[in-house]
Ligand code: GCW
């Protein structure tokens, strides 16, 4: 049957290679698990489902392996040799006494081990000497849904919300469980179900019951539910005169609300807060700081295990200021003032999920505050659900960037996982990686079937940021699309190159944000908006001399927010790597770059070769036709056709617009747009 993409990477189609299937079957004659808690039961069910599909036969479940051999044994024990070196959610898979033994300290660890074993089989690895040990490097691995109660998703491109609020709590769509399975298979253990531009409605008893129904479905998959909160809820919902975080009545209101939430959801994960950002209310409305606001919520949460995740995405509507610097300016003075229950969640870059950004200078500069990282999986600035952009290289580029805060090797990943500043020793503090979800009600979850790889890659990297983009793409392709080796190679290669191709026709050389509201079509000329910093010209600064935002000491000096070693990489326009050039320098049109071309010619080269490369993507995709499902093949082909059309559109819009400043001809061999 045609594959509609619903099963994601959990397809479990029958293995056609008979010797391999037979070898697997010999090692999977039974599943033994002796403690049927709900989470462990999920592990067993997943193994059963997966093996049934892959092997084409039912595998019986027994309570104890006894003296039997040739099966899979799940064991959960808080201590002992089997779990030595594992953290709470880690797992170890070994072959012992002719059984495959999955060990973990917790049921969740066993669940992740079960999925790891299935992945091992799905990707065709040998079973005989299986030996896998893995620990998640980050404790909280979360999706953030920007879903509104009216069913729409802010920056969502795959239909409406998955949550059927009007049917909940009585009607529980089976899809919620499939959502949980997919996330658990990656190790995702938390989900914020509503938009950070939060409606207070989610905090009403009516909605808490609905959220509780979701939590009940997610719990057996080790996933906790979190809510985004509207900071002014005490006023709008509670009828108080203020939402001042230091007001006793306000504090009591939140404490009562937190108690109420826990009556519905005893293991509630916590709050995510966007405050004093893009018009949202916050503590500054009352002359208080972000720390005052966060700590007030942390105090309300004190009797429980829940956390307060406070976003650092802040900037002011000031045409003279550099938005790049805003979060660092507002948050670094607060370092050390946050309650231990608070995590500050920082976007990967200083502006806003652009196709390529330098890492946020907050990373490494708040040593006393656990900093979580927020990536955007949904393709707000990456061509929505039509353009194919595989994001693992974008995530990795940030994670592997060196902040130098504790000398060489202090990468963003190591700041986030706690190894640079030892957040783990600071009490109940946590480490966090969040991804803004790209899921929606489309049958295939993500609109573009290839965008499933971005959800997948985010989850895998949240678990282990050392995995390579290549390995993740390869794994995903084999689990989702095909096992035909040539096709796997081709698709993996296409995915790996896709992000740079997009950057080339969209925002090359460090350009950013050529959009206004919708964030889709090219609008580099946009010069009026409700806010001066929401125009496009604010970001690229094109003029008769050149292009780019001067962030050196002659300009905004945002570079001063980085360590000297980082600054040195970027501060000199002669040596600044080209992908970051216009992030930091206003460069004359005629200046020769390290590529040997002038700025103008280099820009044209990027726009033209970028758009041409989409042709290459189409050709590569055409080559895998026989190896992938026909319906999926046609779907992706159509999207690539659209992508090509739009890449030309980007190229021509930028080139013709910038030409009005540069006053240079389009260089040979490129021709004028028709
Ligand atoms: O990039 C901007 C988006 C907004 C979003 C905001 C944020 C949820 O355009 O839609 O609001 O970021 O991250 O808060």
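Numbering (mature numbering (1 follows the signal peptide of the UniProt record, and there is no 0)), first residue to last: -2 to -1, 1 to 672. Each residue gets a CB set at the ideal place from its N, CA and C atoms; glycine is no exception. Bear in mind the structure is a predicted one, so any value in this text is a computation, not a measurement.
Practice prompt. Let me know if residue 343 comes out buried or exposed under the rule of 16 or more other beta-carbons within 10 Å of its beta-carbon.
Written response: buried
Worksheet entry | In DSSP terms, what residue 342 is bridged to | 308, 369
Practice prompt. Return the Cβ separation of residue 494 and residue 468 in integer angstroms, given the expectation that the two are a contact with Cβ distance under 8 Å.
Written response: 6 Å
Worksheet item: Which runs of the beta strand (DSSP E), 3 residues or longer, sit entirely within the stretch 130 to 207?
Response: DSSP runs (the beta strand (DSSP E)) wholly in the stretch 130 to 207: 138 to 142, 188 to 190.
Worksheet item: Under 8 Å, do residue 383 and residue 645 count as touching if we go by C-beta distance?
Response: no
Worksheet item: Anyone know if the C-beta pair for residue 269 and residue 307 falls short of 8 Å?
Response: yes
Worksheet item: residue 544 by DSSP, collapsed to three states: which one?
Response: strand
Practice prompt. Could you give the DSSP three-state label for residue 394: helix, strand or coil?
Written response: Three-state result, residue 394: helix.
Worksheet item: Nearest to residue 310 by alpha carbon, out of 321, 302, 658, 51?
Response: For the residues 321, 302, 658, 51, the minimum Cα distance to residue 310 belongs to 321.
Fill in: Which of helix, strand or coil DSSP assigns to residue 126
DSSP places residue 126 in coil when its eight states are reduced to three.
Worksheet item: Would the beta-carbon of residue 428 fall within 8 Å of that of residue 341?
Response: yes
Worksheet item: Which whole runs of the beta strand (DSSP E) in the stretch 38 to 86 are 3 residues long or more, in chain order?
Response: 70 to 74
Worksheet item: Is residue 439 near residue 158, with beta carbons less than 8 Å apart?
Response: yes
Discussion item. Would residue 497 and residue 388 qualify as a contact pair, given that the criterion is a beta-carbon distance under 8 Å?
Written reply: yes
Worksheet item: Between residue 622 and the ligand GCW, is the CB less than 7 Å from at least one heavy atom?
Response: no
Discussion item. Measuring only from the beta carbon, is residue 153 closer than 7 Å to any heavy atom that is part of the ligand GCW?
Written reply: yes
Worksheet item: Looking at the unbroken alpha helix (DSSP H) that takes in residue 608, where does it start and where does it end?
Response: 597 to 621
Worksheet item: Distance, Cα to Cα, residue 184 vs residue 40?
Response: Taking the straight line from one Cα to the other gives about 14 Å.
Worksheet item: What are the partner residues of residue 567, as DSSP defines its beta bridges?
Response: The secondary-structure analysis by DSSP pairs residue 567 with nothing; it has no beta-bridge partner.
Worksheet item: Taking the alpha-carbon positions, what's the residue 249 to residue 630 distance?
Response: Answer to the nearest angstrom: the Cα atoms are 52 Å apart.
Worksheet item: In three-state DSSP terms, what is residue 424?
Response: The predicted model places residue 424 with a pLDDT of 48, which falls under 50 and marks its position as unreliable; any figure quoted below should be read in that light. Coil.
Worksheet item: For residue 287, which residues from the same chain have a beta carbon less than 8 Å from its beta carbon, with the 5 sequence-adjacent residues on both sides left out?
Response: These residues qualify, in order along the chain: 281, 332, 335.
Discussion item. Quick check on DSSP: helix, strand or coil for residue 573?
Written reply: Note: residue 573 maps to coil in three-state DSSP.
Worksheet item: Apart from the five residues just before and just after residue 18, which ones in its own chain have a Cβ nearer than 8 Å to its Cβ?
Response: 122
Worksheet item: So is residue 62 buried or exposed if we call it buried at 16+ other beta carbons inside 10 Å?
Response: exposed
Worksheet item: Between residue 436 and residue 452, is the Cβ-Cβ spacing less than 8 Å?
Response: yes
Fill in: Residues near residue 668 by beta carbon distance below 8 Å, same chain, minus five either side
602, 603, 606
Item to complete: Tell me whether residue 436 counts as near the ligand GCW, meaning its Cβ is closer than 7 Å to at least one heavy atom of that ligand.
Response: no
Discussion item. Please list the terminal residues of the continuous alpha helix (DSSP H) segment that includes residue 280.
Written reply: Here residue 280 belongs to no alpha helix (DSSP H), and DSSP marks it neither H nor E.
Worksheet item: Skipping 5 residues on each side, what residues in its chain have a beta carbon closer than 7 Å to that of residue 424?
Response: At residue 424, the pLDDT of 48 sits below 50, so the modelled position is not reliable; the number obtained from the coordinates is stated separately. Closer than 7 Å at the Cβ level, and outside the excluded window around residue 424, lie 338.
Worksheet entry | Same chain only: Cβ atoms within 7 Å of residue 170, ignoring 5 sequence neighbours per side | Cβ-Cβ distances below 7 Å link residue 170 to 211, 215 in the same chain, with the five nearest sequence neighbours on each side left out; the list follows chain order.
Worksheet item: Expressed to the nearest angstrom, what Euclidean distance is found between the alpha-carbon atoms of residue 557 and residue 303?
Response: 39 Å
Discussion item. Going by DSSP in three states, residue -2 sits in which element: helix, strand or coil?
Written reply: Because the pLDDT at residue -2 is just 48, under 50, the model does not fix this residue reliably, and the value given afterwards should be weighed accordingly. In the structure shown, residue -2 sits in coil (DSSP, three-state: anything other than H, G, I, E or B).
Worksheet item: Which two residues bound the contiguous alpha helix (DSSP H) that contains residue 519?
Response: Neither: residue 519 is in no alpha helix (DSSP H) and is coded neither H nor E.
Fill in: Span of the beta strand (DSSP E), counted from its first residue to its last, around residue 430
430 to 434
Worksheet item: Does the Cβ-Cβ distance between residue 521 and residue 534 come in under 8 Å?
Response: yes
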